[in-house]
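Chemist: Before we start, here is the structure in question, set down as structure tokens.
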Amino acid sequence: LDALRRYWNAIAEVTALRARLQAAYPEPTRAWLLRAHPELLRYYLELLRISQRRDDLLYVQQLRYQIHTTFFNLLFALNRQYHPGGKRLLAHAQHCAMQPPGLAERWEQIARLPADDSVLADLVEGLINDLYRLIEADA
Numbered sequence: 007l008d009a010l011r012r013y014w015n016a017i018a019e020v021t022a023l024r025a026r027l028q029a030a031y032p033e034p035t036r037a038w039l040l041r042a043h044p045e046l047l048r049y050y051l052e053l054l055r056i057s058q059r060r061d062d063l064l065y066v067q068q069l070r071y072q073i074h075t076t077f078f079n080l081l082f083a084l085n086r087q088y089h090p091g092g093k094r095l096l097a098h099a100q101h102c103a104m105q106p107p108g109l110a111e112r113w114e115q116i117a118r119l120p121a122d123d124s125v126l127a128d129l130v131e132g133l134i135n136d137l138y139r140l141i142e143a144d145a
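Sequential numbering from 7 applies to the sequence shown in the numbering used here.
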């Protein structure tokens, strides 16, 4: 009986937490992310270009991941959505009202490019610029 009570209490706590989190995205968090994180994208992009020039392909891969992570943090914050986690981000991003044109196709192309591909940084920069325009238009 105690185990059953603990189980139901845990379910009630999770249900209450879920309801609270789904009620509204915290505006102070959104404002901070949209103010502080865009410059990280520019910084990572510059490091990606430098790493490609010096043929440090493992670091290019790491930077592509950091850009990817920061980009989606910003996209979901812009749309007042909690980040859904690391899986199926492009599917979750389809539910964002504000997103760069061709987002899924462009990220898929970026993800499939070799780390030393000369167009990688330019494609990433295009997505970053489109996201910046959305952030600025929303301000």
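For each residue, glycine too, the CB sits at the ideal point set by N, CA and C.
1) Hey, how far is the Cα of Asp136 from the Cα of Pro106?
2) CB-CB under 8 Å to Ala127, same chain, minus the five flanking residues each way: which ones, in chain order?
3) Pick from Cys102, Arg70, Glu45: whose alpha carbon is nearest that of Leu81?
4) Which of helix, strand or coil does DSSP assign to Val125?
5) Between Trp113 and Arg12, what straight-line distance do the alpha-carbon atoms span, to the nearest angstrom?
6) Within 10 Å of its beta-carbon, does Val125 have 16 or more other beta-carbons around it, so buried, or fewer, so exposed?
7) Should Thr35 be labelled buried (16 or more other beta-carbon atoms within 10 Å of its own) or exposed?
8) Which one of Phe78, Ala18, Asp8, Tyr65 has the shortest CA to CA distance from Ile134?
9) Determine the extent of the alpha helix (DSSP H) in which His74 is found, giving its start and end residues.
10) So, at 7 Å on beta carbons, what are the nonlocal neighbours of Asn85 in its own chain, with the 5 sequence-adjacent residues on each side left out?
Modeler: The relevant details are as follows:
1) 5 Å
2) Leu51, Leu54, Arg55, Gln58
3) Cys102
4) coil
5) 44 Å
6) exposed
7) exposed
8) Phe78
9) 63-84
10) Cys102, Ala103, Met104
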